[in-house]
Structure formats: C-alpha cells, structure tokens
Amino acid sequence: MIELVEHPFDAGHALNAFLARRSETGAVASFVGLARSEGGWTIALELEAYAEFTHAGIAAFAAAATERFKLQDIHIIHRLGAIPPGDAIVLVLTAATHRREALDGCDFLVDHLKSRAALWKKDHGRAGARWIEPTGRDLADAARWEAAS
Amino acid sequence: MIELVEHPFDAGHALNAFLARRSETGAVASFVGLARSEGGWTIALELEAYAEFTHAGIAAFAAAATERFKLQDIHIIHRLGAIPPGDAIVLVLTAATHRREALDGCDFLVDHLKSRAALWKKDHGRAGARWIEPTGRDLADAARWEAAS
Amino acid sequence: MTRVLLFGRLSDVAGWRERAIDPPPDTLAALRELLRLEAPELGRALEGPGIQAAVDRALVLGDVTLSPGAEVAFLPPMSGG
Amino acid sequence: MTRVLLFGRLSDVAGWRERAIDPPPDTLAALRELLRLEAPELGRALEGPGIQAAVDRALVLGDVTLSPGAEVAFLPPMSGG
Numbered sequence: 001m002i003e004l005v006e007h008p009f010d011a012g013h014a015l016n017a018f019l020a021r022r023s024e025t026g027a028v029a030s031f032v033g034l035a036r037s038e039g040g041w042t043i044a045l046e047l048e049a050y051a052e053f054t055h056a057g058i059a060a061f062a063a064a065a066t067e068r069f070k071l072q073d074i075h076i077i078h079r080l081g082a083i084p085p086g087d088a089i090v091l092v093l094t095a096a097t098h099r100r101e102a103l104d105g106c107d108f109l110v111d112h113l114k115s116r117a118a119l120w121k122k123d124h125g126r127a128g129a130r131w132i133e134p135t136g137r138d139l140a141d142a143a144r145w146e147a148a149s
Numbered sequence: 001m002i003e004l005v006e007h008p009f010d011a012g013h014a015l016n017a018f019l020a021r022r023s024e025t026g027a028v029a030s031f032v033g034l035a036r037s038e039g040g041w042t043i044a045l046e047l048e049a050y051a052e053f054t055h056a057g058i059a060a061f062a063a064a065a066t067e068r069f070k071l072q073d074i075h076i077i078h079r080l081g082a083i084p085p086g087d088a089i090v091l092v093l094t095a096a097t098h099r100r101e102a103l104d105g106c107d108f109l110v111d112h113l114k115s116r117a118a119l120w121k122k123d124h125g126r127a128g129a130r131w132i133e134p135t136g137r138d139l140a141d142a143a144r145w146e147a148a149s
Numbered sequence: 001m002t003r004v005l006l007f008g009r010l011s012d013v014a015g016w017r018e019r020a021i022d023p024p025p026d027t028l029a030a031l032r033e034l035l036r037l038e039a040p041e042l043g044r045a046l047e048g049p050g051i052q053a054a055v056d057r058a059l060v061l062g063d064v065t066l067s068p069g070a071e072v073a074f075l076p077p078m079s080g081g
Numbered sequence: 001m002t003r004v005l006l007f008g009r010l011s012d013v014a015g016w017r018e019r020a021i022d023p024p025p026d027t028l029a030a031l032r033e034l035l036r037l038e039a040p041e042l043g044r045a046l047e048g049p050g051i052q053a054a055v056d057r058a059l060v061l062g063d064v065t066l067s068p069g070a071e072v073a074f075l076p077p078m079s080g081g
C-alpha cells in the first residue's frame, strides 16, 4: 500500500497494523524519515508531489523491490505539504520471511524515494526558502542497486 | 536502552516513544523479528538468556554500533520465554542524523543479536523440540562487519 | 488547450504552478519556444540540467507531438524522503 | 561452593540447568573432569564445537583458576533474534 497524505500520520499505529496477523513473516524492517530543525534554522519543510504520477512512480519501484527481495508486503506513507521539525516525513515498512530481504528491501525503497520519486522538497528557514536537490550521495546510493543487480 | 522482557511488548508504542522529541534526528530505522508458524509446525519458540551476562554483551556491541555509525540513540527489546507464532521476538531501533547511519546501524545490531548475543532459541514443534543454532548465513552476516571495518 | 504544470523551483522561477495554453502547441518543442519567448528566464530553467518533461503523465525524451488536450509537466531533480 | 549453569541444549543433555558443587574445584579443568566422570555424555557435550565457558560472567579461553564461590557457565553457540 502506498499513501500520500497531507496531514501528520501515526508511525507506531502503522507499524502495529503491519505486524498484525503475520504468522509466516520472520522480519519486518522499517524506516522513518523526519524533518530536522538544524539548530532552529529550519521552520518547516514543504513537500510537493505530482499526484497520480508520483504514486505510479513509487508503485513501480515498490513492485521492483517486491520481486527482487521477495517481499511479502510493503507499506509506504509519504507526507506532503508543510512539515515542522520533529514530524515524520516518510514511513517505509517491508515484510519478508528472513531479515536480510526485509532490511535490504527497506534500504532500496528509501534510496529510491530519496532521488527517484516525483517529490520536491523546499526548506523554509529563518534565512529564507530554498529547494533541496538530491546530493551526490543520494544519487550514488540509488545507483548502487543497479551496479549490484 | 536495552530491555530483556518475559512478556509480549508493543512495538508500535516503542517506535512512537522513540520518535518523540527528536528535532535533530533525520532518520529512525527499525527491525522487528517475529516467530514464524512454519505452516503450523511451530507451536512456540522458547528464548533463554543468561540475565546480566546477556545484557552486558548486547550493551557492548550497542556501544560499538553507536561509535561506528554515529548513532544518536538505540532501543533494543528482546523477549524471553515462550513466544507463539506471529508474536514479536525482538525490536531494534536506531536514530541518526542521516538515513545511511540509521539503516546500517540497525543492520549491524540485528546481525549481532542473531549470533553474538547470549541467547538460545528452542523450536517447540508438532514434531518435537530442537535447539536452533546459528546458520552459516547468520555467522557470515555478523562477520561481514569485521571485514568492512 | 494544453495544460502546463511546473514543479519545485520551476514554479518559483515562473511565478505560476499551472497554466492553460490556447491554442495548443503541436509539439513539446513548440511549447518550450512559446514559454521561452514569453519568459526567457523560465525558458532557460526548463533547459537546465536534470529537468525532465512528462506528457500525459509519462516521461518523454527529446521532442514529441502533443495532442490538443495534453498535460505537460516539467520536473526538476526529484528529492523526497 | 561452585555454581554451575548450563544453557541451551547442554541443560537438556545434563537433565539440569543449575547446580552447586561442594567442595569447589580449584580450576575449570578440574570442574570439567568432575562433570565428565559423573556424566560422560555431558562431559563430551562440554568439549563440543562452539561451546564457550564463562567464569564469573566473563568468557574464558583454556583453563583458569576458580575462586571458591565462582559461577561457571557453559554456553552453546548463541542464537537470538
């Protein structure tokens, strides 16, 4: 399941719902990305998406992750709009029989969300606003899944 | 924080508590290990520990992970005693400024819990009971952190 | 009528996020030329590194024909999570 | 008095998990010999691959001296998570 939401979400509730009724799952990995205050300089992050296009793009690499890591299930929640420091931006959950698949699948999805999902992030700070582009490390992190495949 | 508990624990509640008041954390990774039913063959897993010795051993590699991956915080809950299929055995939570450190720190801790924590696991199945020893993959997974360091 | 969408910093450069253009241009290249003539700064930004175009919600490379009711989006480098 | 603890499959082999041995043996080797004489199967299991010994909650290699109130634990390969 992939959700793009305009409001705060409850990561713990989503984790518990994902864990329920899993008698053949051995491993659930998760990742929560949070907005940082940067020592008080950041007032809010603003996340923008292209609705169905964004959803379809995420669904495509989620399907690739499911196949590659033999995942039993995925749940992604990505928040949009203004996000204050301390709030969760994104939650990724993966379920698999064994730990390696769940962990690597989660890692793959996080790297792809960072630089290959149709999302744009603006930092609204005390010193003004600026759009954040993926760093060299972000691009290299996503590319390592191609080299290894 | 490291907890060895004799009763079911609430992973979602622990995640939310861990996420609270984190204005300078950019990434929280987590892992939940669950008891599998194995198609109905497993009635319960039994986890045994050597109390303070187990706690001290886990604390030692948690300290190593904190240093190596520059983690801001760790929370580990490991359940002991009889654990029915579908229940959580272990929860690992890591917090860091950036995603790579949080994910790799979580991965390191899970690998070490699997074959280097003083814990012993017995499978109580329909076909009898047997102690589970770490697999070749478990040992190789833990060893890869030495090769890479 | 062609619907044009700008994302991320492109909408800051242009001063708008969504526009309808009528009569509709026949090709993506004609749309780019029209936008460049009207606002040179936006025209340059659309040619900048890492800017992708999507027509009717599919990424395209180079020039393509536009149907009269096409939706064209210009996308800066993606940055989620 | 020496306190002896067995974990995992070792306690199944021995039929006990914890025992006090009095008078206390002077060394770990003497304790192993005493356990082996009493229960050869346990003695063999204690020498098996991957079995570690901890004295007063610290892992030890080879033989060591035991204080009179020592706690000795025998640990099969660890398997958590």
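Protein chains in written order, with my numbering: chain A, 1 to 149; chain B, 1 to 149; chain C, 1 to 81; chain D, 1 to 81. Every residue, glycine too, gets a C-beta built ideally from N, C-alpha and C.
Secondary structure of residue 9 of chain A, DSSP reduced to three states: Locating residue 9 of chain A in the first sequence gives position 9, where the first residue counts as 1. In the structure shown, residue 9 of chain A sits in coil (DSSP, three-state: anything other than H, G, I, E or B).
Listed by chain order, chain A residues near residue 103 of chain B by CB distance under 8 Å: Stepping through the second sequence from its first residue, residue 103 of chain B is reached at position 103. Those within 8 Å of residue 103 of chain B in chain A are 31, 103, 106, 107, 110.
Cα-Cα separation between residue 77 of chain D and residue 121 of chain B, rounded to whole angstroms: For this step, residue 77 of chain D is matched to residue 77 along the fourth sequence. For this step, residue 121 of chain B is matched to residue 121 along the second sequence. Whole-angstrom Cα-Cα distance: 10 Å.
Inter-residue spacing [alpha-carbon to alpha-carbon] between residue 97 of chain B and residue 146 of chain B: On the second sequence, position 97 is the one that residue 97 of chain B refers to. On the second sequence, position 146 is the one that residue 146 of chain B refers to. For residue 97 of chain B and residue 146 of chain B, the distance between alpha carbons rounds to 24 Å.
Minimum Cβ-Cβ distance from residue 8 of chain C to chain A less than 8 Å: Taking the third sequence and counting its residues from 1, one reaches residue 8 of chain C at position 8. True, the Cβ-Cβ gap to chain A drops below 8 Å.
Chain D contact for residue 93 of chain B (CB, 8 Å cutoff): Residue 93 of chain B sits at position 93 when you count from the first residue of the second sequence. With 8 Å as the cut-off, residue 93 of chain B does not count as an interface residue toward chain D.
Classification of residue 2 of chain D by the beta-carbon crowding that lies within 10 angstroms, buried from 16 upward: The residue you call residue 2 of chain D lines up with position 2 of the fourth sequence. By the neighbour-count rule (16 or more Cβ atoms within 10 Å), residue 2 of chain D is buried.
Three CB pairs or more closer than 8 Å across the stretch 5-21 of chain D and the stretch 66-75 of chain A: no
Rounded distance between the beta-carbons of residue 127 of chain B and residue 41 of chain B, thought under 8 Å: Taking the second sequence and counting its residues from 1, one reaches residue 41 of chain B at position 41. Taking the second sequence and counting its residues from 1, one reaches residue 127 of chain B at position 127. With a Cβ gap of about 7 Å, residue 41 of chain B and residue 127 of chain B count as contacting.
Entirely enclosed alpha helix (DSSP H) segments - the stretch 15-77 of chain A, minimum 4 residues: 51-69
Nearest-angstrom Cα separation, counted from residue 46 of chain B out to residue 11 of chain B: Indexing the second sequence from 1 puts residue 11 of chain B at position 11. Indexing the second sequence from 1 puts residue 46 of chain B at position 46. So the two alpha carbons sit approximately 19 Å from each other.
Strand pairing of residue 130 of chain B, partner residues [DSSP]: Stepping through the second sequence from its first residue, residue 130 of chain B is reached at position 130. BP columns for residue 130 of chain B point to B:123.
Nearest residue (CA-CA) to residue 22 of chain A, options B:19, B:24, B:35: Taking the first residue of the first sequence as position 1, residue 22 of chain A is located at position 22. The shortest Cα separation from residue 22 of chain A among B:19, B:24, B:35 belongs to B:35.
Alpha-carbon to alpha-carbon, residue 140 of chain A and residue 91 of chain B: Translated into the one-based positions of the second sequence, residue 91 of chain B becomes position 91. Translated into the one-based positions of the first sequence, residue 140 of chain A becomes position 140. Rounded to the nearest angstrom, the two C-alpha atoms are 30 Å apart.
Near-chain B residues of the stretch 32-65 of chain A - C-beta to any C-beta below 7 Å: 32, 33, 34, 36, 37
Per DSSP, cross-strand counterpart(s) of residue 2 of chain A: Indexing the first sequence from 1 puts residue 2 of chain A at position 2. According to DSSP, which records beta bridges pairwise, residue 2 of chain A is partnered with A:76.
Near-chain B residues of the stretch 114-130 of chain A (beta-carbon distance less than 8 Å), N- to C-terminal order: 114
Proximal chain B residues relative to residue 79 of chain D, where beta-carbon distance stays under 8 Å: Along the fourth sequence, one-based indexing puts residue 79 of chain D at 79. Result: 114, 115, 119, 120, 121, 131, 132, 133, 134, 138.
Within chain D, partners of residue 78 of chain B - CB distance below 9 Å: Within the second sequence, numbered from 1, the residue matching residue 78 of chain B stands at position 78. Here the neighbours are 80, 81.
Buried or exposed by the 16-neighbour rule on C-beta atoms within 10 Å, applied to residue 25 of chain B: On the second sequence, residue 25 of chain B is found 25 positions in, with the first residue counted as 1. Residue 25 of chain B should be labelled buried.
Residue-level contact to chain C via CB, residue 90 of chain A, 8 Å cutoff: Counted from its first residue, the first sequence places residue 90 of chain A at position 90. Chain C, which has a Cβ nearer than 8 Å to the Cβ of residue 90 of chain A, makes this yes.
Check: residue 77 of chain C C-beta below 7 Å from any heavy atom of the ligand ADP: This structure lacks the ligand ADP; in fact it carries no ligand of any kind.
Residue nearest to residue 60 of chain A in terms of C-alpha spacing, selected from A:87, A:14, A:33, A:113: Walking along the first sequence from the start, residue 60 of chain A turns up at place 60. Per the Cα distances, A:113.
Residue 66 of chain D - containing beta strand (DSSP E), residue span: To locate residue 66 of chain D, count along the fourth sequence from 1; it is residue 66. Run containing residue 66 of chain D: none; DSSP gives neither H nor E here.
Cutoff 8 Å; reference residue 37 of chain D; Cβ partners in own chain excluding five residues on either side: As a working note, residue 37 of chain D is residue 37 in the fourth sequence. Cβ within range, chain order: 43.
Distance CB(residue 14 of chain D)-CB(residue 39 of chain D) smaller than 8 Å: Within the fourth sequence, residue 14 of chain D is the residue found at index 14, counting from 1. Within the fourth sequence, residue 39 of chain D is the residue found at index 39, counting from 1. For residue 14 of chain D and residue 39 of chain D, yes; Cβs fall inside 8 Å.
Check whether residue 130 of chain B and residue 123 of chain B have beta carbons under 8 Å apart: For the purposes of this step, residue 130 of chain B is taken as residue 130 along the second sequence, with counting starting at 1. For the purposes of this step, residue 123 of chain B is taken as residue 123 along the second sequence, with counting starting at 1. Yes, the pair counts as a contact, with Cβ atoms nearer than the cut-off.
N-terminal and C-terminal residue of the beta strand (DSSP E) that residue 18 of chain D is part of: Within the fourth sequence, numbered from 1, the residue matching residue 18 of chain D stands at position 18. Element bounds for residue 18 of chain D: 18-21.
Contact check, residue 66 of chain C vs residue 22 of chain C, beta carbons under 8 Å: Within the third sequence, numbered from 1, the residue matching residue 66 of chain C stands at position 66. Within the third sequence, numbered from 1, the residue matching residue 22 of chain C stands at position 22. Not in contact: residue 66 of chain C and residue 22 of chain C (Cβ atoms no closer than 8 Å).
Residue 55 of chain B and residue 4 of chain B closer than 8 Å at C-beta: The count along the second sequence starts at 1 and reaches residue 55 of chain B at position 55. The count along the second sequence starts at 1 and reaches residue 4 of chain B at position 4. Yes. Within cutoff.
Cβ of residue 19 of chain D within 8 Å of any chain B Cβ: Indexing the fourth sequence from 1 puts residue 19 of chain D at position 19. Not an interface residue.
Backbone CA spacing between residue 83 of chain B and residue 75 of chain A [nearest angstrom]: Start at 1 with the first residue of the second sequence, and residue 83 of chain B comes out as number 83. Start at 1 with the first residue of the first sequence, and residue 75 of chain A comes out as number 75. Using only the alpha carbons, I get a separation of about 26 Å.
Interface residues of chain B facing residue 85 of chain A [CB-CB closer than 7 Å]: Sequence index remark: in the first sequence, residue 85 of chain A carries index 85 (1-based). Going along chain B in sequence order, the residues near residue 85 of chain A (Cβ under 7 Å) are 23.
Cβ separation of residue 89 of chain A and residue 33 of chain A, assumed to be a contact under 8 Å, to the nearest whole Å: Residue 89 of chain A sits at position 89 when you count from the first residue of the first sequence. Residue 33 of chain A sits at position 33 when you count from the first residue of the first sequence. About 5 Å; that satisfies the 8 Å criterion.
Cα-Cα separation, residue 81 of chain A to residue 51 of chain C: Locating residue 81 of chain A in the first sequence gives position 81, counting from the first residue. Locating residue 51 of chain C in the third sequence gives position 51, counting from the first residue. When rounded, the distance between both Cα atoms is 22 Å.
Residue 32 of chain C classed as buried or exposed, judged by whether at least 16 other C-beta atoms fall within 10 angstroms: Taking the first residue of the third sequence as 1, we reach residue 32 of chain C at position 32. Its Cβ being crowded by 16 or more others within 10 Å, residue 32 of chain C is buried.
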